[in-house]
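Residue numbers (our numbering): 1 to 281.
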């Protein structure tokens, strides 16, 4: 079985079109790119690859709904400082009604009405919490008895966010948590604390969104394989296709019940790869 390695071509892919391409679309300010539904649609189409549009342009939107304050730019959005200093300050509920979220919802509605396949990125527990809490405070909390409750609350937020995306037309959910690999966390913490919560969340995402395919980041599937927590089964279309994006599209259309796939990177939808790995455990 091939080993997944996240290369610079994958990690350094721009999440938005280059500034000159945005300017050609009439998009010249961060506010346009992030808060104007028409601009979001135009930029997403400009980045379309392998038959897919990928949204959102960053992994800060859910965090903003929980109180984070992203810095917006034409290159995306970043949370420079955690929104809270203590776990006790975290909100109970996720807010899905604020200008940037509403603009994204409206943009997705437009794409859905035009039958454009949308892959929507949903971040995992640790990536989301990293936007809300200092990393040290987060890990300290997770090592205490109350850590399980924190993971459950975070799962609820992520499920609500993913459900919103599907309700607005997401064809596929892209799930990743790049700060939560076995190499970073260590096998004991990964398998004892993170893994049970992660697998439970993915299972709930399937239950919440019947018929939707979930694509797992290759870094995540590699950690699952390294810890003996998952296995892969290769799937190929009956009629051969050239690219990974085409293979995914065929998989989605031929699996109305949904499924879990991955062990590759959605930044490489145009790659010459006419098959998909199903992820099972």
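Every residue, glycine too, gets a C-beta built ideally from N, C-alpha and C.
Report the rounded CA-to-CA distance for residue i versus residue j, giving the unit in angstroms.
i           : j           : result
residue 92  : residue 233 : 39 Å
residue 58  : residue 262 : 20 Å
residue 155 : residue 35  : 26 Å
residue 80  : residue 63  : 12 Å
residue 230 : residue 83  : 35 Å
residue 247 : residue 173 : 16 Å
residue 163 : residue 240 : 32 Å
residue 130 : residue 219 : 18 Å
residue 255 : residue 211 : 8 Å
residue 7   : residue 52  : 21 Å
residue 271 : residue 257 : 26 Å
residue 4   : residue 188 : 21 Å
residue 277 : residue 23  : 38 Å
residue 54  : residue 264 : 15 Å
Measure from the alpha carbon of residue i to the alpha carbon of each residue in the options, then state which is nearest.
i           : options               : result
residue 144 : 108, 128, 193 and 134 : 193
residue 167 : 77, 208 and 237       : 208
residue 60  : 72, 54 and 85         : 72
residue 141 : 245, 70, 46 and 88    : 88
residue 94  : 15, 114 and 157       : 157
residue 74  : 26, 198, 101 and 236  : 26
residue 77  : 100, 86, 50 and 116   : 100
residue 90  : 113, 20, 281 and 149  : 149
For residue i versus residue j, is the C-beta spacing smaller than 9 Å?
i           : j           : result
residue 37  : residue 110 : yes
residue 161 : residue 96  : yes
residue 127 : residue 179 : yes
residue 216 : residue 279 : yes
residue 118 : residue 175 : no
residue 120 : residue 170 : yes
residue 66  : residue 132 : yes
residue 269 : residue 49  : yes
residue 56  : residue 104 : yes
residue 85  : residue 137 : yes
residue 275 : residue 235 : yes
Closer than 8 Å by C-beta to residue i: which residues in its own chain qualify, once you throw out the five before and the five after it? Chain order, please.
i           : result
residue 159 : 201, 204, 205 and 208
residue 41  : 107, 110 and 111
residue 125 : 151, 154, 155, 158, 177, 180, 194, 197, 198 and 201
For residue i, which residues from the same chain have a beta carbon less than 7 Å from its beta carbon, with the 5 sequence-adjacent residues on both sides left out?
i           : result
residue 182 : 190, 223, 226 and 227
residue 17  : 43, 46 and 47
Taking 8 Å as the cut-off, is the CB of residue i close to at least one heavy atom of the ligand ADP?
i           : result
residue 148 : The ligand ADP is not part of this structure, which contains no ligands at all.
Can you find the residues in the same chain that come closer than 6 Å, C-beta to C-beta, to residue i, ignoring five residues on each side of it along the sequence?
i           : result
residue 165 : 120
Indicate whether the contact test is met: 3 or more Cβ pairs, each with one atom in the segment 21–31 and one in the segment 239–252, closer than 8 Å. Here the segment 21–31 makes no contact with the segment 239–252; the two share fewer than three CB pairs at distances below 8 Å.
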